[in-house]
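Before any comments, here is the structure.
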Amino acid sequence: MEKYSNSRDILAKLVSFPTVSRDTNLPLVEWVESYLESFGIASERIPSPCGTKAHLYAQTGPNIDGGVILSGHTDVVPVEGQNWSTDPWALTERDGKLFGRGSCDMKGFDALALLAMARASTRPLMRPLQLALSFDEEVGCVAVVDLVETMLGALPRAREVIVGEPTMMRVVTGHKGGLGYRVHVRGFEVHSSLLPYGVSAIMQAAKLIEWANQRNAENVARTPSELAAPFEPPFTTLHVGTIEGGTAHNITAKDCHFFIEFRFVPGESPEEWASLFEAKAAELTAEMQKIHPDTGIDLTRGFGLPALTPETDGPAETLARRLTGDNGRHVVSYGTEGSQFQTRGYSTVICGPGDIAQAHQPDEFLSLEQLAAGEAFMDRLLDTLCA
137 MEKYSNSRDI LAKLVSFPTV SRDTNLPLVE WVESYLESFG IASERIPSPC
187 GTKAHLYAQT GPNIDGGVIL SGHTDVVPVE GQNWSTDPWA LTERDGKLFG
237 RGSCDMKGFD ALALLAMARA STRPLMRPLQ LALSFDEEVG CVAVVDLVET
287 MLGALPRARE VIVGEPTMMR VVTGHKGGLG YRVHVRGFEV HSSLLPYGVS
337 AIMQAAKLIE WANQRNAENV ARTPSELAAP FEPPFTTLHV GTIEGGTAHN
387 ITAKDCHFFI EFRFVPGESP EEWASLFEAK AAELTAEMQK IHPDTGIDLT
437 RGFGLPALTP ETDGPAETLA RRLTGDNGRH VVSYGTEGSQ FQTRGYSTVI
487 CGPGDIAQAH QPDEFLSLEQ LAAGEAFMDR LLDTLCA
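Residue 137 is where the sequence shown starts when you use our numbering, and the numbers rise one by one after that.
Below you can see the structure in the form of C-alpha cells.
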C-alpha cells in the first residue's frame with residue numbers, strides 16, 4: 137500500500153470503482169479493508185439485505201469514549217446521458233482540478249478520511265478516530281441507520297461526527313429534512329362523455345397536487361421561524377417531479393402515478409406533514425368511492441430523512457470551527473446522513489472539501505486546492521486528538 141501514501145492516489149483508486157447506487161460497492165469495500173489492514177487497523181462490514189453491498193466501520197487509537205467519527209458514503213450517481221470530456225472512472229488532472237465521478241461527492245473526503253486513519257495509527261492518540269463508510273446515501277440516506285446503530289453498540293461512543301459532504305470546508309450546522317411518497321391513484325374508466333359516472337385518476341391526482349400547491353403558498357406567506365430563517369428558501373417545500381397516467385384522451389384515467397417530496401425545515405415534524413398528506417388522500421378516497429368502490433389512493437412511503445438542527449454549543453461545531461477557522465453561519469437545503477447520527481445522540485456537523493455545485497454533474501471535479509485544505513484539516517484534527 138506504499139503507493140497510496142497521499143490522498144490524491146487514494147482518491148484515484150476510489151474513483152476507479154464504479155459504485156453507482158444501483159450496483160455493488162463490495163470491490164471498493166474490499167480494497168478499503170486491505171488498505172486499513174496494512175496499517176494494523178481492523179474493520180468490520182455490515183452487509184446489505186441483498187448481500188451485494190456493505191457498510192464499513194473502523195477505529196484506531198485508545199478504546200475509550202470521546203472520539204471523532206469521520207463519516208462518508210461510497211455510492212455515486214450514474215453517468216449515463218451526461219457529456220463527459222474525461223473517463224468518469226479514471227481520475228484526471230487538468231487545470232488544477234481532479235475530474236472523476238465521485239471526486240467531489242464524496243470520495244474526496246473518503247480519501248482524506250482513509251489517509252487520516254492511516255496516519256492516526258502511528259500517532260499517540262488520546263482519543264480514538266473512527267471511520268464510517270456507508271452505501272445508498274444517494275437513494276435516501278436511510279441505509280446508514282444500520283451503520284450508526286451498529287457502531288453505537290460495537291464501539292466506544294464518539295463525541296463528534298464530521299460528515300464530509302462538499303461544503304468548501306465551511307462548517308455547516310443545519311440542513312432540511314426530507315420525506316417522500318409514491319402515489320398511485322386508482323380511477324374507474326368510462327367514456328369521457330359520461331364523466332360524472334367515472335373517476336379520473338388524473339383529475340383526482342390533480343386535486344392532491346393542488347393541495348400541495350396550497351401548502352406551498354401558505355408556507356411562502358408565513359414568517360419564518362428562527363430555525364428556518366437561515367435557509368434558502370426559509371420554509372418547507374412540497375414538490376411533484378414526475379407524473380404519468382391515463383389511457384386515451386376520451387377515457388377517464390384508470391391509473392395515475394406520481395412522486396411527491398417534502399423538504400422541511402428544522403423545527404417542523406415530518407410526521408405532522410405525513411399525517412396532513414395522508415388525511416387529504418383519505419378524504420379524496422372517500423369522495424371517489426362514493427362513485428365506485430374500487431377506486432382510491434395508495435400511498436407508499438419512500439425516503440424519510442430528519443432535519444439536521446443547529447446545536448447550542450455543540451462539540452462537533454466547536455471542533456470544526458477550531459480546525460477550519462470558519463465562524464460563519466451556514467445551513468443547506470439538501471439532506472445528508474448527518475441527521476441520522478444527530479437523532480441518535482451524536483453531535484454532528486457537515487464539513488468537507490469541494491463545491492456541492494459539482495455534485496452529480498458531468499465532468500465532476502475536486503480542486504487540488506480543496507484537497508489540500510482537507511488534508512490540512514485532517515492533520516490539525518490528529519494533532520487535536522493527540523493533545
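All C-beta atoms in this analysis are idealised placements derived from N, C-alpha and C, irrespective of residue type, glycine included.
Just so you know, these numbers come straight off a predicted model, no measurement behind them.
For the set L444, L459 and S329, the Cα lying nearest the Cα of V468 is the one of L444.
For the set P489, L267 and M287, the Cα lying nearest the Cα of E301 is the one of P489. Inter-residue distance for L374 and P292 is about 40 Å (C-alpha atoms, whole angstroms). Taking 8 Å as the cut-off, the Cβ atoms of M514 and A252 count as close.
G289: member of the alpha helix (DSSP H) spanning V280 to A290, first to last residue. Closest option to P446, judged by alpha-carbon separation, among V307, D201, C522 and D246: V307. Per DSSP, S170 is one residue of the alpha helix (DSSP H) stretching across L162 to E173. Here Q350 carries a helix assignment [DSSP, helix/strand/coil]. If you look at C522, you'll find it in the alpha helix (DSSP H) that goes L504 to C522. When DSSP states are grouped into helix, strand and coil, F271 belongs to the coil group. With respect to the C-alpha of C186, the residue from S207, G244 and N161 having the closest C-alpha is N161. Unbroken beta strand (DSSP E) runs of no fewer than 3 residues, entirely contained in the stretch 331-394, are found at 373-381, following chain order. Two segments are said to touch when three or more pairs of C-beta atoms, one from each, lie closer than 8 Å; by this definition the stretch 279-299 does not touch the stretch 413-431.
Proximity of the stretch 220-235 to the stretch 162-170 falls short of the contact definition, fewer than three beta-carbon pairs being nearer than 8 Å. Collapsing the DSSP output to three states places L265 in a strand. Just measuring C-alpha positions, the residue of I205, T303, A178 and V485 sitting nearest D241 is T303.
In the three-state reduction of the DSSP assignment, L251 falls in the helix class.
In the three-state scheme derived from DSSP, where H, G and I count as helix and E and B as strand, V485 is classed as strand. Under DSSP, the beta-bridge partners assigned to Q195 are Q266. Boundaries of the alpha helix (DSSP H) around F413: P406 to Q425. Assignment of beta-bridge partners to E397 by DSSP yields G316 and H375.
Residue nearest to S157 within the set T359, R263 and H496 is H496 (criterion: CA-CA distance). Contact check for G176 against L265 fails: the beta carbons are separated by 8 Å or more.
The C-beta distance from A389 to I338 rounds to 4 Å, short enough to fall under 8 Å.
Rounded to whole angstroms, the separation of the alpha carbons of R259 and L315 is 43 Å. Residue G381 holds the alpha-carbon nearest to the alpha-carbon of R322 among G403, Y333 and G381.
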